[in-house]
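Numbering (this note's numbering), first residue to last: 1 to 245.
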């Protein structure tokens with residue numbers, strides 16, 4: 001699976017100009033607040049529209065300004081887990097997971113949508129939650145259900161916006177290990193926003209550092225530690241910054 005996102009957009013005071021491609025299995029977008037990280041995820045998912053550029057995933061053109069191509073969110077086959085999980089409070093866990101699957105597969109008790117949703121919950125280790133509502137779930141359980149809903153559509157790419165930020169320290173540690181194992185097991189191409197270097201390290205991710213709407217540095221966490229190019233990169237990597245090094 002390969003993907004490329006070339007985005008150029010003006011979002012309020014932010015001028016976003018990003019060219020991401022050939023990034024491997026897991027890529028982490030890192031940067032200060034208002035640097036454009038969530039904007040990139042929402043643009044790839046189809047919730048925002050750039051002024052110009054293109055988005056290609058696995059050879060499919062999702063957006064290309066020069067040709068007037070702009071697929072609807074439901075046609076992009078993008079798995080998206082926003083901050084706060086985005087679960088529908090009025091739907092059960094099972095119905096939440098089945099929501100993004102094609103209606104043609106049938107919604108009845110014996111329908112394929114229901115079977116696929118149940119199978120995905122089982123894969124996530126939370127099939128016993130199928131009849132509960134989001135209000136009855138812990139933070140870790142909500143995260144697994146949101147991940148199941150994103151993965152059940154067999155996405156071209158999985159987008160995760162601060163997937164562990166809302167969890168307590170113990171749940172965050174357990175979920176980080178679970179997420180790393182699951183993405184590796186599925187060989188799932190993933191783009192993740194995070195503020196935690198432990199996420200980058202645990203998921204063996206390539207970090208792209210975004211400041212003021214532009215990528216200023218990329219590499220593994222070890223690469224960033226060896227040669228931080230900005231104060232922010234040094235702070236994120238946990239090392240000092242020597243200008244001009």
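Beta carbons: idealized from backbone N, C-alpha and C, even for Gly.
Whole-angstrom C-beta distance between residue j and residue i, which should lie under 8 Å
{"i": "residue 147", "j": "residue 81", "result": "6 Å"}
{"i": "residue 96", "j": "residue 149", "result": "6 Å"}
{"i": "residue 30", "j": "residue 204", "result": "With a Cβ gap of about 15 Å, residue 30 and residue 204 do not count as contacting."}
{"i": "residue 202", "j": "residue 177", "result": "7 Å"}
{"i": "residue 85", "j": "residue 135", "result": "Incorrect: roughly 12 Å between the Cβ atoms, too far for contact."}
{"i": "residue 120", "j": "residue 151", "result": "6 Å"}
Sub-7 Å separation of residue i and residue j beta-carbons
{"i": "residue 153", "j": "residue 100", "result": "yes"}
{"i": "residue 186", "j": "residue 77", "result": "no"}
{"i": "residue 44", "j": "residue 55", "result": "yes"}
{"i": "residue 175", "j": "residue 140", "result": "yes"}
{"i": "residue 220", "j": "residue 208", "result": "no"}
{"i": "residue 47", "j": "residue 200", "result": "no"}
{"i": "residue 210", "j": "residue 36", "result": "yes"}
{"i": "residue 72", "j": "residue 98", "result": "no"}
{"i": "residue 193", "j": "residue 168", "result": "no"}
For residue i, the residue or residues it bridges with in DSSP
{"i": "residue 218", "result": "208"}
{"i": "residue 192", "result": "28, 160"}
{"i": "residue 69", "result": "64"}
{"i": "residue 78", "result": "157"}
Residue i classed as buried or exposed, judged by whether at least 16 other C-beta atoms fall within 10 angstroms
{"i": "residue 233", "result": "buried"}
{"i": "residue 93", "result": "buried"}
{"i": "residue 88", "result": "exposed"}
{"i": "residue 236", "result": "buried"}
{"i": "residue 213", "result": "buried"}
{"i": "residue 138", "result": "exposed"}
{"i": "residue 69", "result": "exposed"}
{"i": "residue 189", "result": "buried"}
{"i": "residue 57", "result": "buried"}
Option in the options with minimal Cα separation from residue i
{"i": "residue 191", "options": "221, 123, 206", "result": "206"}
{"i": "residue 180", "options": "195, 163, 57, 169", "result": "163"}
{"i": "residue 247", "options": "75, 122, 195, 90", "result": "The requested residue 247 is not part of the displayed model; the chain covers only 1 to 245."}
{"i": "residue 198", "options": "165, 130, 145, 52", "result": "165"}
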